[in-house]
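Okay, so here's the structure we're looking at.
In UniProt numbering, the protein residues as written are 1 to 296.
Printed below as a string of structure tokens:
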């Protein structure tokens, strides 16, 4: 199963790729920006956060969102970077977002020096952003897609209500319901990296109450809007997936209580309709969301 944090980071990237480029470069992209497929035969699905920046000098941005420490991390980045270079025939910049201190690695310095027995030494460079060291304003004042990073930036629990209020205000003012619901869910998922679920639920439960069950309707509406594309099987499949998720959430709320944000994110990451239908059938047999998703 795809991890919730993987699905969340990918959705944030797809929500506004130009916003991510602007944040990292300090200026608006010089041309069209789009998320591209990282489908290289030797690259796994982990390297799927790739943006192509067109313009006079097109280039590729590869983003990594890391939640844990990892052995042999710089060589993996170099591998993806080189393969993306080869696939797209463009310069590739790699940027790593370390989302919490548990992901902090002594090897994540932004540089990896190789000293081969034969030939000159050489250096691979990449950029590292330790989110917990950045001021929340970095993420609160930019693109909407960066808002979910603000609560896990350099802040504490006492400052969280104000940060969450600012996120909610911007989403209500600037985002339509489907996008607002998606970014609100992403905020909760990322907060789960640092805070207890009770605190997350208390903060996120009241700030973005646009109307009763708006979030569940937004999930369904998103799939239905996609499914309305005439003759497009992929769109119809997305609609069925969205409807299946909405049914689980609606019936689950009646039996198990409100779904925590991590549950919503886990369901969103499941793209197998049969699996979602199996979960729906299991609702009457379980007593908690954890038990329901224990085999997801």
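Even for Gly, the Cβ is constructed at its ideal location relative to N, Cα and C. Every value quoted in this text rests on a predicted model; they were computed, and no experiment measured them.
Can you list, in chain order, the residues of its chain whose CB lies under 6 Å from that of residue 205, leaving out five sequence neighbours each side?
-> none
Same chain only: Cβ atoms within 7 Å of residue 265, ignoring 5 sequence neighbours per side | If the five residues before and after residue 265 are omitted, its C-beta is found closer than 7 Å to the C-beta atoms of 4, 7, 8, 185, 189, all from its own chain and listed in chain order.
Look up residue 298 in the DSSP assignment and say whether it is helix, strand or coil.
-> With the chain represented from 1 up to 296, any question about residue 298 goes unanswered, as that position is not in the structure.
Give the range of the alpha helix (DSSP H) segment to which residue 51 is assigned.
-> Looking at the DSSP string, residue 51 is not in any alpha helix (DSSP H); the run it does join, the beta strand (DSSP E), is 50–53.
Do you know offhand how far residue 175's Cα is from residue 105's?
-> 36 Å
Could you pull out every residue in the same chain whose Cβ sits closer than 6 Å to the Cβ of residue 45, ignoring the five residues on either side in sequence?
-> Note that residue 45 has pLDDT 46, beneath the 50 cutoff, so the model's placement of it is unreliable and no number is given.
Considering only C-alpha positions, which residue in the set 137, 285, 126 is nearest to residue 98?
-> Nearest in C-alpha terms to residue 98, of all of 137, 285, 126, is 126.
Can you tell me which of the three DSSP states residue 111 falls into?
-> strand
How would you call residue 194, buried or exposed, if buried means at least 16 neighbouring beta carbons within 10 angstroms?
-> buried
Which of the three DSSP states, helix, strand or coil, is assigned to residue 243?
-> Residue 243: helix per DSSP, three-state reduction.
Close Cβ partners of residue 36 (< 8 Å) along its chain, the five nearest in sequence each way excluded = 50, 51, 52, 60, 88
Who are residue 35's beta bridge partners in DSSP?
-> DSSP links residue 35 through a beta bridge to 51.
Mark residue 66 as exposed unless 16 or more other C-beta atoms lie within 10 angstroms of its C-beta, in which case mark it buried.
-> buried
Which whole-angstrom value describes the C-beta separation of residue 77 and residue 96, a residue pair presumed to lie in contact below a C-beta threshold of 8 Å?
-> Residue 77 to residue 96, Cβ: 7 Å. Contact.
Please state if the CB of residue 271 and the CB of residue 245 are separated by a distance shorter than 8 Å.
-> no
What do you get for residue 33, buried or exposed, if any count of 16 or more other CB atoms within 10 angstroms of its CB means buried?
-> Counting C-beta atoms within 10 angstroms of its own C-beta, residue 33 has 16 or more neighbours from the protein chains shown and is therefore classed as buried.
Who are the Cβ neighbours of residue 218 in its own chain at under 6 Å, not counting the five residues just before and after it?
-> In this prediction, residue 218 has a pLDDT of 45, which is less than 50 and means its spatial position is unreliable; nothing more can be read from the coordinates.
Assess, as a yes-or-no matter, whether the region 132–151 is touched by the region 106–121 under the definition of 3 or more beta carbon pairs within less than 8 Å.
-> Inter-segment contact for the region 106–121 and the region 132–151 is absent: fewer than three beta-carbon pairs are separated by less than 8 Å.
Among 86, 173, 107, which one has its Cα closest to the Cα of residue 71?
-> 107
Determine the burial state of residue 197: buried for a count of at least 16 other Cβ atoms within 10 Å of its Cβ, exposed for fewer.
-> Flag for residue 197 reads exposed.
Beta carbon of residue 276, beta carbon of residue 251: below 8 Å?
-> Judged by their CB atoms, residue 276 and residue 251 are not nearer to each other than the 8 Å cut-off.
In or out: residue 285 buried (at least 16 other Cβ within 10 Å) or exposed?
-> exposed
Go ahead and pull the three-state DSSP assignment for residue 99.
-> coil
Nearest-angstrom Cβ-Cβ length linking residue 94 and residue 64, presumed shorter than 8 Å | 7 Å
Quick one: what does DSSP say residue 194 is sitting in, helix, strand or coil?
-> coil
Measuring alpha carbon to alpha carbon, tell me which of 82, 256, 273 ends up nearest residue 297.
-> The structure shown does not extend to residue 297, since the chain is modelled only from 1 to 296, so the question has no answer here.
For the alpha helix (DSSP H) that contains residue 275, what are its first and last residues?
-> 273–282
Looking at residue 54 and residue 19, is the spacing between their C-beta atoms short of 8 Å?
-> No, the pair does not count as a contact, with Cβ atoms beyond the cut-off.
Helix, strand or coil: which one does DSSP assign to residue 184?
-> helix
Helix, strand or coil for residue 23 per DSSP?
-> helix
Find out if the Cβ-Cβ distance for the pair residue 152, residue 131 is shorter than 8 Å.
-> yes
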